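The opening residue of the sequence shown carries number 1 in the UniProt record's numbering; numbering runs sequentially from there. Glycine included, every Cβ here is placed at the ideal spot set by N, Cα and C. These numbers were taken from a predicted model, which means no experiment stands behind them.
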Amino acid sequence: MNTNDTEVVWAVLQKNGYERCHEAQQADVIMVVTCAIREGAEQKIWHRLKHLHAMKERRSARRGPLQITVLGCMAERLKERLLERERSVDVIAGPDSYKDLPRLLAVSRHYQQSAINVLLSLDETYADVMPVRLNADSPTAFVSIMRGCDNMCSYCIVPFTRGRERSRPIDSIVKEVQILRDNGVKEVTLLGQNVNSYRDLSNIPSNTTEQITNSKVAPGFHTVYKTKVGGMRFDELLRQVAETAPDMRIRFTSPHPKDFSEDVLRVIRDYPNVCKNLHLPAQSGNDAVLERMRRGYSRDAYLRLVDTIRSILPMSVYQAIFLWFLWRN
Ligand code: SF4
């Protein structure tokens, strides 16, 4: 997610006249894209900020001030408290405020004070921003399809730092995949906090009721939120992307087990370019722990889902050999 966020930020800044340099010493603005999922990730950022603080102090007045910007989940979690510990930070922007960065940088520069925007949005998906790829020669690329999460697992900070779940319109995703294909990319990973609960509410066809259905969760699973109504679901998105780029490999991450409907599994089965490997986060094999984690399933429901997956996506000979090899070693 942070790699993709960096590419979105870079697109916003480039459009506003900023240029990228490859040495921190040459920069007038340094952006630190942060993660708050574990304490270790935040510790790394504190160390980096200390280093940048020293760099700012050493900078000659002739070059003008160095602006230090903290972006992403740690910025969202700590908000102005970040400044209490590290006063050298000039701009703080949460994951939904990247389009505001040119203004925040200008305000901070003009008034010589910190500028902050950590408002979470109900609809920002950056659908209208074509990310600038950090490595334009790479044969692989990420395509963000949704942001935020509504699941509220008890141990996770994501719903608080990335906000409510919202999906990017299918048309803009398909367009981005087409552009990537035309630029020689061979593999795309559809990206989101909970990709398979994707629902595009912007493009409901008027003449069919087939796709206008409620969210389906796998049998034995439940959610903390009310059933979501309407919209184009992940199986439809996956089908459209697979048909748009039949010569590209299509992957996705991260899914939630509850959203592996049989419709999604059938699309994976039916399109050869959709990679046949699933990331199925288990989190725990203990029912009491799963309950405390508020994951919405039991060990038994999870194992029944694995059986359903196996019945729709049977193991290939190669996968069986690979598993046998792992088991032997
Ligand atoms: S589904 Fe994933 S991102 Fe959402 S709250 Fe649970 S662990 Fe966090």
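The alpha helix (DSSP H) enclosing residue i, as first and last residue numbers
i: Asn4; result: 2 to 15
i: Ile92; result: Run containing Ile92: none in the alpha helix (DSSP H); it sits in the beta strand (DSSP E), 91 to 93.
i: Gly40; result: 39 to 58
i: Arg85; result: 81 to 85
i: Ala106; result: 101 to 111
i: Val195; result: Careful: Val195 lies outside any alpha helix (DSSP H) and carries neither H nor E.
i: Ile116; result: No alpha helix (DSSP H) contains Ile116, which is instead part of the beta strand (DSSP E) from 115 to 117.
i: Val306; result: 299 to 312
i: Thr244; result: 234 to 244
C-beta atoms of residue i and residue j nearer than 8 Å
i: Arg48; j: Val32; result: yes
i: Arg239; j: Val217; result: no
i: Glu76; j: Gly94; result: yes
i: residue 369; j: Met315; result: What the structure shows of the chain is the stretch from 1 to 329, and residue 369 is not part of that stretch, so it cannot be assessed.
i: Val29; j: Tyr98; result: no
i: Pro257; j: Leu290; result: no
i: Gly230; j: Ser298; result: no
i: Ile68; j: Lys56; result: yes
i: Ile173; j: Leu237; result: yes
i: Val177; j: Phe252; result: no
i: Leu235; j: Val264; result: According to the sequence as given, residue 235 is Asp; it is not Leu. Yes, the pair counts as a contact, with Cβ atoms nearer than the cut-off.
i: Ser197; j: Asp259; result: yes
i: Val129; j: Val12; result: yes
i: Ala61; j: Ile157; result: no
Expected contact under 8 Å - CB spacing of residue i and residue j to nearest Å
i: Gly72; j: Met146; result: So it is not a contact: roughly 17 Å between Cβ atoms.
i: Asp307; j: Tyr225; result: So it is not a contact: roughly 27 Å between Cβ atoms.
i: Asn4; j: Pro139; result: That belief does not hold up - the Cβ atoms of Asn4 and Pro139 are roughly 17 Å apart, past 8 Å.
i: Asp200; j: Ser167; result: 5 Å
i: Ala141; j: Val188; result: 5 Å
Limits of the unbroken beta strand (DSSP E) element including residue i
i: Ser144; result: 140 to 144
i: Val188; result: 187 to 191
i: Arg294; result: Per DSSP, Arg294 belongs to no beta strand (DSSP E) and is neither H nor E.
i: Gln67; result: 67 to 72
i: Phe252; result: 249 to 253
i: Ile157; result: Looking at the DSSP string, Ile157 is not in any beta strand (DSSP E), and its letter there is neither H nor E.
Residue from the options with nearest C-alpha to residue i
i: Arg20; options: Leu82, Cys35, Leu134, Thr125; result: Leu134
i: residue 336; options: Pro257, Leu313, His256, Glu243; result: Because the chain here runs from 1 to 329, residue 336 falls outside it and cannot be looked at.
i: Arg87; options: Ser97, Val107, Asp96, Gln112; result: Gln112
i: Ala115; options: Val70, Ala136, Thr125; result: Val70
i: Met1; options: Leu104, Val107, Ile179, Arg162; result: Arg162
i: Ala282; options: Pro272, Arg269, Cys275, Ser254; result: Ser254
i: Ser144; options: Gly17, Phe160, Ile170, Leu119; result: Ile170
i: Arg181; options: Met248, Pro102, Asn273, Thr227; result: Met248
i: Pro159; options: Thr6, Ala245, Met74, Gly40; result: Met74
Report all residues for which the CB-ligand distance to some heavy atom of the ligand SF4 is below 6 Å; order them along the chain. Cys149, Asn151, Met152, Cys153, Cys156, Val158, Pro159, Gln193, Asn194, His256
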